Structure formats: structure tokens, C-alpha cells
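Residue numbers (this note's numbering), protein chains in the order written: chain A, 39 to 337; chain B, 42 to 308. Beta carbons are placed, not taken as given, at the ideal position from N, Cα and C, and that holds for glycine. A quick note: this is a predicted structure, and the numbers were derived from the prediction, not measured.
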Amino acid sequence: MTTYALFGAMEQGFAFGLMVLGVYLTFRVLDFPDLTVDGSLPLGAAVSAVAISGGHSPALAALMAGGAGFLAGMVTGILNTKLKILHLLASILTMIALYSINLRIMGKPNMTLLGADTVVDQFQAFTGLPMVHSTPILFGVISLVVVALLIWFLHTEIGLCVLATGDNPRMITSQGVNTDTVIIFGVGLSNALVAVSGALVAQNQGAADVNMGVGTIIAGLASVIIGETVFGNKTIGRALIAAVLGSVLYRVAIALALGLKLGAFSITPSDLNLITAILVVIALTAPKMKAKFLAGRSS
Amino acid sequence: MSTMLNVTGATKIFNKGGVNEVTALSGVDLAVREGDFITVIGSNGAGKSTFLNAVAGCFRLNSGTVELDGENVTGWPEYRRAAKVGRVFQDPLMGTCAGATIEQNLAIALKRGQRRGLSFGVKRKDRDYFRERLATLHLGLENRLGTATGLLSGGQRQALTMLMATLVRPRLLLLDEHTAALDPKTAGMILDRTEELVTGQRLTTLMVTHNMQQAISLGNRLIMFHRGEIVLDIDGDEKRGLEVDDLLQRFAKLRGGDGVTDRMLLG
Chain A
39 MTTYALFGAM
49 EQGFAFGLMV
59 LGVYLTFRVL
69 DFPDLTVDGS
79 LPLGAAVSAV
89 AISGGHSPAL
99 AALMAGGAGF
109 LAGMVTGILN
119 TKLKILHLLA
129 SILTMIALYS
139 INLRIMGKPN
149 MTLLGADTVV
159 DQFQAFTGLP
169 MVHSTPILFG
179 VISLVVVALL
189 IWFLHTEIGL
199 CVLATGDNPR
209 MITSQGVNTD
219 TVIIFGVGLS
229 NALVAVSGAL
239 VAQNQGAADV
249 NMGVGTIIAG
259 LASVIIGETV
269 FGNKTIGRAL
279 IAAVLGSVLY
289 RVAIALALGL
299 KLGAFSITPS
309 DLNLITAILV
319 VIALTAPKMK
329 AKFLAGRSS
Chain B
42 MSTMLNVTGA
52 TKIFNKGGVN
62 EVTALSGVDL
72 AVREGDFITV
82 IGSNGAGKST
92 FLNAVAGCFR
102 LNSGTVELDG
112 ENVTGWPEYR
122 RAAKVGRVFQ
132 DPLMGTCAGA
142 TIEQNLAIAL
152 KRGQRRGLSF
162 GVKRKDRDYF
172 RERLATLHLG
182 LENRLGTATG
192 LLSGGQRQAL
202 TMLMATLVRP
212 RLLLLDEHTA
222 ALDPKTAGMI
232 LDRTEELVTG
242 QRLTTLMVTH
252 NMQQAISLGN
262 RLIMFHRGEI
272 VLDIDGDEKR
282 GLEVDDLLQR
292 FAKLRGGDGV
302 TDRMLLG
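Structure (C-alpha cells):
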């Protein structure tokens with residue numbers, strides 16, 4: 039792997055890092071499998087693209103994307119808690135609805151940002167470094183700041199309630215906390231992060247596309263699991279950092295897989311979803327297989 | 042003494058209109074005075090736990106009212122009633138958050154019924170108080186504030202839950218067979234702590250138990266549920282002189298030819 043490819047993987051990994059943090063928040067902290075992300079990632083991209091082309095600053099555009107993502111997540115939360123729709127189904131409904139909404143926002147299936155100033159351009163101009171270095175640094179710093187904010191948040195009074203809601207909803211209810219509110223807020227926060235991630239990705243690649251969200255949840259899950267396996271999850275802080283680094287490792291793995299050639303057969307980008315799905319299946323079952331194997335040997 | 046809890050005509054029918062329709066509570070009336078320590082007995086399915094859940098607000102009653110501490114809380118959801126109610130469940134894993142540390146669990150409990158904000162959950166100034174209260178459990182937990190609660194034994198977690206339920210003085214304490222899932226020694230320890238906490242702080246308490254001896258030796262009042270109704274309510278001096286055989290006989294007499302056995306009663 040060339041250093042150029044490595045920087046590329048880091049750039050991608052950190053850009054999707056916020057998305058992975060969002061997935062960690064729902065999947066691991068709230069115990070809420072949330073597929074809204076497949077819709078909220080392009081939602082963030084669409085909102086930021088439209089905002090930039092409307093003359094707003096790219097940073098503000100990313101924040102607006104976050105706001106839109108928060109609303110999308112809240113919808114999923116409300117469908118689940120107030121209307122009693124199964125969490126998985128509630129999130130799929132929002133995801134499907136967002137496809138239409140994203141088309142409405144952009145007015146077309148995709149939108150380029152060619153020629154427009156983005157956070158990536160601004161940071162490059164600010165640092166004077168070559169783009170191949172400045173972009174991973176920018177996204178790395180953003181991920182780091184968000185990780186720090188999340189670590190702080192999850193140690194506040196409200197943050198502890200978010201942790202406890204995923205861990206033991208009965209207990210936290212008996213301590214006077216309305217779990218419905220926590221879930222609506224938590225899923226909202228998660229999707230806000232995912233949407234900001236979508237905005238960063240769109241600004242980086244210079245285009246927003248209504249289909250760019252396909253497979254987001256699987257990539258997010260794979261990153262979370264890789265991060266946990268490699269870097270551990272003993273404390274919340276460690277788990278959050280592991281999630282971001284897992285995102286980078288995932289992109290590195292993808293880059294390596296894309297270079298694979300088996301005789302006449304070579305792996306193309308269209309194979310990515312299959313590879314990722316296999317990766318997630320292996321990561322999900324490996325701990326159980328290992329336990330089974332060890333148990334089998336000792337008996 | 043004033044009335045702390047007043048339940049009138051509490052009726053709860055599960056699966057109403059369905060083939061599995063069950064009348065879990067049928068018109069239960071109960072007035073609990075402030076400072077009462079009531080033990081609650083009855084066979085499986087008699088309505089004891091359903092009654093406690095009805096008081097805690099886990100579901101809406103089909104009819105009837107619940108007044109707590111002078112307020113009509115019939116329409117309040119569980120999380121709102123929690124401001125007045127401390128609870129300990131039968132499952133020792135149910136009352137604590139396994140992924141959080143001991144001090145985080147206590148910090149959550151310290152805010153029961155209050156608004157929670159963005160200040161740090163575990164405050165330095167609270168740690169001394171946590172240590173002091175944990176020391177009363179005699180389990181050495183006061184030196185393990187940062188330990189994940191999931192690493193504790195069932196008995197330790199149940200003791201911690203007891204502490205959490207009473208950290209902010211509850212107007213009413215609900216104990217739902219909170220020693221039933223523990224080994225006899227641990228159950229004895231939890232029961233001792235219960236007695237210390239309840240009598241020490243003069244907490245108004247409802248304690249469901251399957252153990253007749255416990256029901257007789259603890260508390261100042263005893264009620265028995267049968268088929269969704271309160272069939273016995275023994276108070277004061279009469280309670281003090283009570284023995285297990287008396288209880289069994291009185292129950293048998295009450296239900297007449299109902300064929301009640303010890304097994305049904307204690308089951």
C-alpha cells in the first residue's frame with residue numbers, strides 16, 4: 039500500500055468517523071439498531087450542497103446538515119417510542135422516506151460542488167499543506183473534537199441516563215427518567231453526527247448523490263466492530279476512539295481488498311458491499327465461534 | 042398519622058376481551074399510613090406484584106385511583122411517580138446499570154425525581170457521601186467506587202439497589218420479593234440491611250415476600266392477596282402475636298372449601 043493510498047484511507051476513515059460514532063451511539067450505547075443512517079448520510083450531503091450553492095459558508099452548511107440529521111433521527115425515535123413501531127422497522131421507514139426528501143431537497147439525484155469553496159479547500163488554504171495531507175488532518179481533528187465532546191457528554195447527568203437507557207431501561211425508569219425522551223434525543227444526536235459526516239464526505243468528493251448512503255449502516259457496523267476488536271472498549275472514551283480508528287482500519291482494509299487480484303479475477307468497487315457484508319458476518323460470529331472452539335477442546 | 046398511599050377500587054384486567062383475559066386486581070382498596078412497614082403475602086398469581094406495579098405506575102388501571110403523598114397520581118407515568126417511589130426488584134440485576142460504575146449508579150440515583158443537566162454526573166463532593174452510605178452495607182463497596190457494577194455479585198448488586206432506592210428518601214418504598222432470587226445467606230444479609238434502612242429511616246414500605254416467617258417477623262402490618270383481592274389485613278398488636286400456623290388457619294378458614302394448601306400459599 040502506497041503512502042498516498044494510506045492518506046486516502048485516513049481521509050475517508052476520518053470523514054466517515056463521525057458516522058461511525060453515530061452508529062456506535064445507537065447500536066452500542068442505546069441498543070437501538072438504527073438504519074436511518076442510510077438516509078441521513080445523503081440527507082447531510084444534500085443539505086450542505088444546497089446550502090453551499092445558496093451562498094452559505096461550508097462550515098455553516100455542515101452544521102445545517104447536522105440539524106437536519108437530528109430531525110430525521112427524532113422522527114425514527116418518535117415512530118418507535120410514541121407510535122410503538124419496532125425500532126428496526128421505524129428506522130427503515132424513515133430511511134425510505136428520506137430518499138424522497140433528499141430528492142426534493144436537491145431537486146435532482148445529484149449535485150456537484152465543483153468550483154464552490156468547501157471546508158476542505160478552506161483548510162488547505164489555511165494550512166498551506168498539500169491537499170493529500172491537509173484533508174486527513176482536518177477530518178482527524180474534527181473527529182477528535184467530536185470524540186472529546188461525546189466523552190464529556192456521556193459523563194454528564196444526562197449522558198449517564200443515555201448510557202443507562204440502553205443498558206437497563208427498567209432501572210432508569212424507576213430512577214425517574216423518561217426513556218422515550220432519551221431515545222428520541224439519542225437517535226437524533228446519532229443521526230446529526232451521521233449527517234455532518236455526509237456533509238464532510240460530499241464536500242470532500244465535490245458532489246452529493248442521493249444514492250451515496252447505500253450500505254452506510256453496514257460500513258458503520260463493520261468499523262465499530264473492527265475498532266472494538268483491535269483497540270478494545272473497556273471505557274467509553276476508549277470505545278469512542280476505537281470506533282474512529284476502526285473507521286480508518288475499515289477504509290484501509292477496503293483499499294487493500296480493491297487491489298487484490300486472483301489470476302484473471304480482480305476485485306472491483308462494485309464488490310464492496312459483498313466484501314463488507316462478509317466482513318461483518320465474520321466479525322459478528324468470530325467471538326462465538328472462538329468460544330465454541332475453545333469449549334470443544336477443553337471437554 | 043397521615044395517609045401516605047391510598048388506593049381505591051384498583052382493578053386491572055390483562056388481555057381484556059381476549060381468551061387469555063385475567064383479572065389480576067379486582068377492586069383493591071388499601072390505605073397505608075406514613076411509617077407503615079407492610080409485608081405482602083399470597084400465592085402465585087394472587088396479584089401482589091401486579092399491585093406493586095400498579096402503585097409504581099407500570100401500567101394504567103382499568104379503574105380505580107392511586108393517591109400518593111396527598112397527590113392523585115393515577116394518570117402519572119412510572120418515571121414521574123419515581124420521584125416519590127423507591128423500588129427494588131426480584132431480579133438482582135434489574136436495579137442497577139451493569140455497564141456503569143458503582144459511583145455512576147449512585148449518581149443516577151441521587152438525582153431521582155430531579156431535573157438532570159449537563160454538569161458532571163459524578164461530582165467530587167458526592168463521593169464522600171457515597172462512601173459513607175456504601176460503608177453501611179458492610180460489603181467493602183466503599184473502596185470500589187470505580188468498579189463496573191456488572192462485576193459485582195447478585196447480592197452485592199441487590200444491596201446497592203437497596204441503597205439506590207433509598208439514597209433520596211422515597212415517600213414510599215416498594216420491595217418486590219427482593220430476596221427471592223438470592224442464596225439463603227445473601228438473602229439474610231439483604232434482609233438485615235432492609236430492616237436497618239426501613240426502620241432506621243422510618244420509611245413507608247410495602248414488601249412482597251414468599252417467606253411466611255419473614256412476613257410475620259418484619260413490619261407492623263401484614264396483608265394477604267388472593268385472586269386479586271386483599272383477604273387479610275393484620276395490624277398492630279394482633280400482628281405482633283402472629284404465628285405461621287395462625288396465618289395458615291385463618292387463610293384456610295377465609296377461603297372455606299377452597300382446598301388451599303401450604304404449597305399454594307407458599308408456592
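Query raised in the report: Within the 8 angstroms Cβ cut-off, does ARG276 (chain A) reach chain B?
Result: The sequence position of residue 276 (chain A) within the first sequence is 238, counting from 1. Answer no: the Cβ-Cβ gap between ARG276 (chain A) and chain B never drops below 8 angstroms.
**Report entry** First through last residue of the beta strand (DSSP E) which encompasses ARG74 (chain B)
**Finding:** In the second sequence, the residue the question calls residue 74 (chain B) occupies position 33. ARG74 (chain B) -> beta strand (DSSP E) spans 63-74.
Requested in this report: Tell whether a beta-carbon distance below 8 angstroms holds between ASP205 (chain A) and ALA97 (chain B).
Outcome: Here residue 205 (chain A) refers to the residue found at position 167 when the first sequence is read from its first residue. Here residue 97 (chain B) refers to the residue found at position 56 when the second sequence is read from its first residue. ALA97 (chain B) is positioned such that its CB atom lies no closer than 8 angstroms to that of ASP205 (chain A).
Query raised in the report: Should the region 260-271 of chain B be called in touch with the region 68-84 of chain B, which here means at least 3 C-beta pairs below 8 angstroms?
Result: Yes: at least three Cβ pairs fall under 8 angstroms.
**Report entry** Under 8 angstroms (Cβ pairs) to chain A, residues found in the region 150-161 of chain B
**Finding:** Within the region 150-161 of chain B, contact with chain A at the beta-carbon level (separation under 8 angstroms) is assigned to ALA150, LYS152, ARG153, GLY154, GLN155, ARG157, GLY158, LEU159, SER160 and PHE161.
Report task. Measuring alpha carbon to alpha carbon, tell me which of B:ASP110, B:ASN61, B:THR137 and B:LYS53 ends up nearest CYS99 (chain B). Result -> Sequence index remark: in the second sequence, residue 99 (chain B) carries index 58 (1-based). Residue B:LYS53 is the option with its Cα nearest to CYS99 (chain B).
Query - Uninterrupted alpha helix (DSSP H) stretches inside the region 187-212 of chain B (no shorter than 4 residues) - result: Within the region 187-212 of chain B, the complete alpha helix (DSSP H) runs of at least 4 residues are 195-208.
Query raised in the report: Using DSSP with H/G/I as helix, E/B as strand and the rest coil, what is GLU270 (chain B)?
Result: On the second sequence, residue 270 (chain B) is found 229 positions in, with the first residue counted as 1. Three-state result, GLU270 (chain B): strand.
**Report entry** Cβ-based burial, HIS179 (chain B) [other Cβ within 10 Å; buried from 16]
**Finding:** For the purposes of this step, residue 179 (chain B) is taken as residue 138 along the second sequence, with counting starting at 1. HIS179 (chain B) counts as exposed, since fewer than 16 other C-beta atoms from the protein chains shown sit within 10 angstroms of its C-beta.
Query raised in the report: Should ASP381 (chain A) be flagged as near chain B, meaning a C-beta pair shorter than 8 angstroms?
Result: Nothing about residue 381 (chain A) can be reported from this structure: the residues present for chain A run from 39 to 337 only.
**Report entry** Runs of alpha helix (DSSP H) lying entirely within the region 206-294 of chain A, each at least 4 residues, in chain order
**Finding:** The region 206-294 of chain A is shown to contain whole alpha helix (DSSP H) runs of 4 or more residues at 207-212, 217-243 and 254-269, in chain order.
Requested in this report: Reducing DSSP to helix, strand and coil, say where THR194 (chain A) ends up.
Outcome: Against the first sequence, residue 194 (chain A) aligns to sequence position 156. In this structure, THR194 (chain A) counts as strand in the three-state DSSP scheme.
Query - Span separating the alpha-carbon of HIS94 (chain A) from that of TYR42 (chain A) - result: In the first sequence, residue 94 (chain A) corresponds to position 56, counting from 1. In the first sequence, residue 42 (chain A) corresponds to position 4, counting from 1. In a straight line, the C-alpha of HIS94 (chain A) is about 32 angstroms away from that of TYR42 (chain A).
Query raised in the report: Can you find a C-beta in chain A that's less than 8 angstroms from the C-beta of GLY308 (chain B)?
Result: As a working mapping, residue 308 (chain B) is identified with position 267 in the second sequence. Per-residue confidence for GLY308 (chain B) stands at a pLDDT of 47, beneath the threshold of 50, marking its modelled position as unreliable; no derived number is given.
**Report entry** Reference THR219 (chain A); option with closest CA among B:TYR120, B:PHE78, B:LEU46 and B:PHE55
**Finding:** In the first sequence, residue 219 (chain A) corresponds to position 181, counting from 1. Ranking B:TYR120, B:PHE78, B:LEU46 and B:PHE55 by Cα distance to THR219 (chain A) puts B:TYR120 first.
Query - CA-to-CA distance, ALA176 (chain B) to LEU259 (chain A), given in whole angstroms - result: In the first sequence, the residue the question calls residue 259 (chain A) occupies position 221. In the second sequence, the residue the question calls residue 176 (chain B) occupies position 135. Here the alpha carbon of LEU259 (chain A) sits roughly 42 angstroms from the alpha carbon of ALA176 (chain B).
Query raised in the report: Hey, does THR137 (chain B) have any beta-carbon neighbour from chain A nearer than 8 angstroms?
Result: Reading the second sequence from its first residue, position 96 is the one you call residue 137 (chain B). It does: the Cβ of THR137 (chain B) has a partner Cβ on chain A nearer than 8 angstroms.
Query raised in the report: Residue range of the beta strand (DSSP E) that LEU46 (chain B) falls in?
Result: Walking along the second sequence from the start, residue 46 (chain B) turns up at place 5. It spans 44-55 - the beta strand (DSSP E) in which LEU46 (chain B) sits, taken as one unbroken run.
Query raised in the report: Checking contacts by CB at 8 angstroms: is GLU49 (chain A) closer than that to chain B?
Result: Your numbering for residue 49 (chain A) matches position 11 in the first sequence. Closer than 8 angstroms: no.
Query raised in the report: Mapping DSSP to helix, strand and coil, what is VAL163 (chain B)?
Result: For this step, residue 163 (chain B) is matched to residue 122 along the second sequence. Assignment of VAL163 (chain B) by DSSP, reduced to helix, strand and coil, places it in the coil class.
Query raised in the report: Among the residues of its own chain, which have a CB less than 8 angstroms from the CB of PRO118 (chain B), if the five just before and after it don't count?
Result: Working through the second sequence from its first residue, we reach residue 118 (chain B) at position 77. Closer than 8 angstroms at Cβ, skipping near neighbours: GLY98.
Requested in this report: Along the alpha helix (DSSP H) that carries ARG142 (chain A), what are the first and last residues, could you check?
Outcome: By one-based count along the first sequence, residue 142 (chain A) stands at place 104. Looking at the DSSP string, the run of the alpha helix (DSSP H) that includes ARG142 (chain A) is 125-144.
Query raised in the report: Can you give the Cα-Cα distance for HIS193 (chain A) and CYS199 (chain A), rounded to whole angstroms?
Result: Mapped onto the first sequence, residue 193 (chain A) falls at position 155. Mapped onto the first sequence, residue 199 (chain A) falls at position 161. If you take the alpha carbons of HIS193 (chain A) and CYS199 (chain A), they lie about 9 angstroms apart.
Requested in this report: Can you give me the Cβ contacts of GLY50 (chain B) inside the same chain, cut-off strictly under 8 angstroms, excluding the 5 residues immediately before and after it?
Outcome: Here the question's residue 50 (chain B) lines up with position 9 in the second sequence. Non-local beta-carbon contacts of GLY50 (chain B) in its own chain, meaning distances under 8 angstroms to residues more than five positions away in sequence, involve GLY68, VAL69, ASP70, SER104, GLY105 and THR106 in chain order.
Query raised in the report: Hey, ALA148 (chain B) and ASP167 (chain B) are a contact pair by Cβ (cut 8 angstroms); roughly how many whole angstroms apart?
Result: Position 107 of the second sequence holds residue 148 (chain B). Position 126 of the second sequence holds residue 167 (chain B). At roughly 7 angstroms, the Cβ-Cβ gap stays under 8 angstroms, so ALA148 (chain B) and ASP167 (chain B) are in contact.
Query raised in the report: Going by C-alpha distance, which of B:PRO133, B:GLY260, B:ARG101 and B:GLY158 is nearest MET205 (chain B)?
Result: By one-based count along the second sequence, residue 205 (chain B) stands at place 164. For the options B:PRO133, B:GLY260, B:ARG101 and B:GLY158, the alpha carbon positioned closest to that of MET205 (chain B) is the one of B:PRO133.
Requested in this report: Could you tell me whether the Cβ of ILE196 (chain A) comes closer than 8 angstroms to any Cβ of chain B?
Outcome: Residue mapping note: residue 196 (chain A) aligns to position 158 of the first sequence, counting from 1. It does: the Cβ of ILE196 (chain A) has a partner Cβ on chain B nearer than 8 angstroms.
Query raised in the report: In its own chain, which residues sit with a C-beta less than 6 angstroms from the C-beta of THR202 (chain B), not counting the 5 before and 5 after it?
Result: Position 161 of the second sequence, counted from the first residue, corresponds to residue 202 (chain B). Leaving aside the five residues that flank THR202 (chain B) on each side, the residues in its chain whose CB is nearer than 6 angstroms to its CB run, in chain order, VAL129, GLY136 and THR137.
Query raised in the report: Residue ranges of each alpha helix (DSSP H) run of no fewer than 4 residues wholly in the region 106-131 of chain B, ordered along the chain?
Result: As far as the region 106-131 of chain B is concerned, its whole alpha helix (DSSP H) runs of at least 4 residues are 119-122.
Requested in this report: Check each residue of the region 212-225 of chain A: if its Cβ is closer than 7 angstroms to any Cβ of chain B, include it; give the result in chain order.
Outcome: Against chain B - using a Cβ distance shorter than 7 angstroms - the residues of the region 212-225 of chain A are SER212, GLN213, GLY214, VAL215 and ASN216.
Report task. Sort A:LEU296, A:THR64, A:PHE54 and A:THR203 by Cα distance to THR114 (chain A) and report the nearest one. Result -> Along the first sequence, one-based indexing puts residue 114 (chain A) at 76. Nearest of A:LEU296, A:THR64, A:PHE54 and A:THR203 to THR114 (chain A), Cα basis: A:THR64.
**Report entry** Alpha-carbon to alpha-carbon, PRO325 (chain A) and LEU296 (chain A)
**Finding:** Working through the first sequence from its first residue, we reach residue 296 (chain A) at position 258. Working through the first sequence from its first residue, we reach residue 325 (chain A) at position 287. Going from the Cα of LEU296 (chain A) to the Cα of PRO325 (chain A) covers about 27 angstroms.
Report task. Give the residues from the region 161-178 of chain B that approach chain A closer than 8 angstroms (Cβ to any Cβ), ordered along the chain. Result -> Residues PHE161, GLY162 and VAL163.
Query - C-alpha gap between SER261 (chain A) and ALA87 (chain A), whole angstroms - result: Numbered from 1 along the first sequence, position 223 holds the residue referred to as residue 261 (chain A). Numbered from 1 along the first sequence, position 49 holds the residue referred to as residue 87 (chain A). Cα to Cα, the separation comes out at about 26 angstroms.
Query raised in the report: Contact between the region 78-85 of chain A and the region 233-253 of chain A: three or more CB pairs below 8 angstroms?
Result: Contact between the region 78-85 of chain A and the region 233-253 of chain A is present: three or more C-beta pairs spanning the two stretches fall below 8 angstroms.
Query raised in the report: Are the CB atoms of VAL157 (chain A) and GLN241 (chain A) nearer to each other than 8 angstroms?
Result: Position 119 of the first sequence, counted from the first residue, corresponds to residue 157 (chain A). Position 203 of the first sequence, counted from the first residue, corresponds to residue 241 (chain A). If you check the CB distance, VAL157 (chain A) and GLN241 (chain A) come in under 8 angstroms.
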